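*Asks:*
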Amino acid sequence: MILFLGNESRNQIIRSDLKYEFDLKAEKQQIEYDASIKRKELIQKGLIIGLILLCIICVLFYRAYKLKNRTNILINQQKENLEILNATKDKLFGIIGHDLRKPAISFSGITKKVNFLIKENDMETLNKFGNVIEKNANELNSLIDNLLGWSLLQKDGIKLNPKKINLYSAITEVLNPFQSMALEKNITIHNEVAMDENIEVDEQSLNIILRNLIHNALKFTEKDGHLFLSSSNEKSGVVLSIRDTGIGMTDSEIKDIFKFQSASTKGTENEKGTGLGMYIVGQWAKLNNINLNAKSEKGVGTTFDLGFAV
106 MILFLGNESR
116 NQIIRSDLKY
126 EFDLKAEKQQ
136 IEYDASIKRK
146 ELIQKGLIIG
156 LILLCIICVL
166 FYRAYKLKNR
176 TNILINQQKE
186 NLEILNATKD
196 KLFGIIGHDL
206 RKPAISFSGI
216 TKKVNFLIKE
226 NDMETLNKFG
236 NVIEKNANEL
246 NSLIDNLLGW
256 SLLQKDGIKL
266 NPKKINLYSA
276 ITEVLNPFQS
286 MALEKNITIH
296 NEVAMDENIE
306 VDEQSLNIIL
316 RNLIHNALKF
326 TEKDGHLFLS
336 SSNEKSGVVL
346 SIRDTGIGMT
356 DSEIKDIFKF
366 QSASTKGTEN
376 EKGTGLGMYI
386 VGQWAKLNNI
396 NLNAKSEKGV
406 GTTFDLGFAV
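Quick note: to get the numbering used here, add 105 to the position in the sequence shown (first position is 1).
1) Ordered along the chain, which non-local residues of its own chain (more than five positions away) have a Cβ less than 7 Å from that of Leu265?
2) Let me check one thing: in DSSP terms, what residues is Glu339 bridge-paired to?
3) Ordered along the chain, which non-local residues of its own chain (more than five positions away) have a Cβ less than 6 Å from that of Ala140?
4) With burial defined as no fewer than 16 other Cβ atoms inside 10 Å of the residue's Cβ, what is the status of His295: buried or exposed?
5) Taking CB distances under 9 Å as the criterion, tell me whether Leu152 reaches chain C.
6) State the start and end residues of the unbroken beta strand (DSSP E) segment that holds Asn271.
7) Do you know whose CA, among Glu358, Thr408, Asp356, Gln149, lies nearest Phe333's CA?
8) Identify whether Asn394 lies in helix, strand or coil by the three-state DSSP scheme.
9) Looking at the structure shown, is Gly406 part of a helix, part of a strand, or coil, going by DSSP?
10) Is DSSP giving Gly412 helix, strand or coil here?
11) Taking the straight line between their C-alpha atoms, what separation do you get for Gly151 and Arg144?
12) Nearest CA to the CA of Gln68: which residue from Thr176, Val164, Trp389?
13) Taking buried to mean at least 16 other C-beta atoms within 10 Å of its own C-beta, is Ile142 buried or exposed?
14) Would you mind reading off the limits of the alpha helix (DSSP H) that contains Asn317?
15) Buried or exposed: Arg175, going by 16 or more other Cβ atoms within 10 Å of its Cβ?
16) What's the gap between the Cα of Ser247 and the Cα of Lys268?
17) Which of the three DSSP states, helix, strand or coil, is assigned to Glu305?
18) Please report the distance separating the alpha-carbon of Leu381 from that of Glu244.
19) Let me know the secondary structure DSSP gives Phe363 once reduced to three states.
20) Answer yes or no: do Asp349 and Leu315 have a C-beta to C-beta separation smaller than 9 Å?
21) Any idea what DSSP makes of Lys233, helix, strand or coil?
22) Exposed or buried, which one is Met228 when buried takes at least 16 other CB atoms within 10 Å?
23) What distance in whole Å lies between the Cβ atoms of Leu411 and Val344, which are believed to be in contact at a cut-off of 8 Å?
24) Along the chain, where does the beta strand (DSSP E) containing Glu289 start, and where does it finish?
25) Just curious, the beta strand (DSSP E) that Ile294 is in, first and last residue?
26) Would you list the one or two residues that DSSP bridges to Phe333?
27) Can you list, in chain order, the residues of its chain whose CB lies under 7 Å from that of Thr230, leaving out five sequence neighbours each side?
28) Buried or exposed: which applies to Ser336, given that a residue is buried once 16 or more other Cβ atoms fall within 10 Å of its Cβ?
29) Just to confirm, are Gly387 and Ile347 a CB contact at a threshold of 9 Å?
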């Protein structure tokens with residue numbers, strides 16, 4: 106019996122030892138497992154933090170790249186504007202020094218001749234001088250208009266005053282000073298704009314645009330030609346078309362028509378210009394959100410379409 110108990114105790118001890126070793130091993134494995142889980146969690150957190158940092162760095166680099174691009178674009182635009190401004194300044198000094206001075210001298214000389222012809226009662230020659238005076242006056246007036254139009258564009262914060270304007274009346278008023286120019290070249294002007302056509306636009310801007318487009322059309326239309334002005338109603342609004350039967354332009358000329366021109370092309374009767382007119386038209390149209398399009402065919406004529414939003 107004692108021997109039996111001794112064996113039983115020994116077995117219990119063995120079982121206890123085995124259980125202890127098993128528990129110890131299990132605890133060790135649990136610790137290792139927990140440590141492995143923590144390592145994985147740390148690695149995952151590290152990867153997430155790394156990815157977040159990488160994303161932040163990428164965003165910062167992208168924003169810096171975009172900022173650099175915007176800065177470069179702004180610098181290039183400022184450089185281009187400065188070049189245009191300098192070219193315009195030189196052009197204006199040339200206009201003031203030559204183009205403005207020449208009509209003034211011409212008027213001075215004509216005045217003396219007119220006085221002489223009046224004394225001599227030479228009405229025939231006097232009438233001819235009257236046409237010359239009117240032509241010079243129109244050229245001078247157009248020149249001054251463009252100089253004023255350009256100077257207004259240089260002001261910061263131009264204030265426009267859009268209001269309801271009858272398009273037919275506005276065109277009729279602008280056409281009046283050009284009647285003598287049209288008569289001299291025997292150009293027929295067809296004002297086919299609807300008499301009840303109304304648009305909303307800044308009046309001063311509209312007058313500047315119309316004066317330059319009509320003057321340009323008459324300037325480059327040969328004798329016995331035609332100038333057509335018409336309006337139509339589209340989904341986007343009212344469209345004014347100014348079409349001439351002039352000498353027309355090439356595709357490259359049309360492409361650059363609204364850019365500042367360092368030199369002006371003479372008209373069909375050697376009419377002079379400043380190179381500012383169409384540039385001013387483009388700028389004022391842009392300010393007033395007028396959709397301006399030009400199409401032309403060499404030897405056939407040119408059409409300018411002005412779209413006024415409803």
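Beta carbons: idealized from backbone N, C-alpha and C, even for Gly. The model shown is predicted, which means the values in this text are computed figures rather than measured ones.
*Replies:* In terms of the structure at hand:
1) Asp307, Ser310, Leu392, Asn393
2) Gly342
3) none
4) exposed
5) In the displayed structure, chain C is absent; only one protein chain is listed.
6) 267-271
7) Thr408
8) coil
9) strand
10) strand
11) 10 Å
12) This structure gives no information on residue 68, because the portion of the chain shown stretches from 106 to 415.
13) exposed
14) 308-324
15) exposed
16) 25 Å
17) strand
18) 13 Å
19) coil
20) no
21) helix
22) exposed
23) 7 Å
24) Unbroken run through Glu289 is the alpha helix (DSSP H), 284-289; no beta strand (DSSP E).
25) 293-297
26) His295, Arg348
27) Leu222
28) buried
29) no
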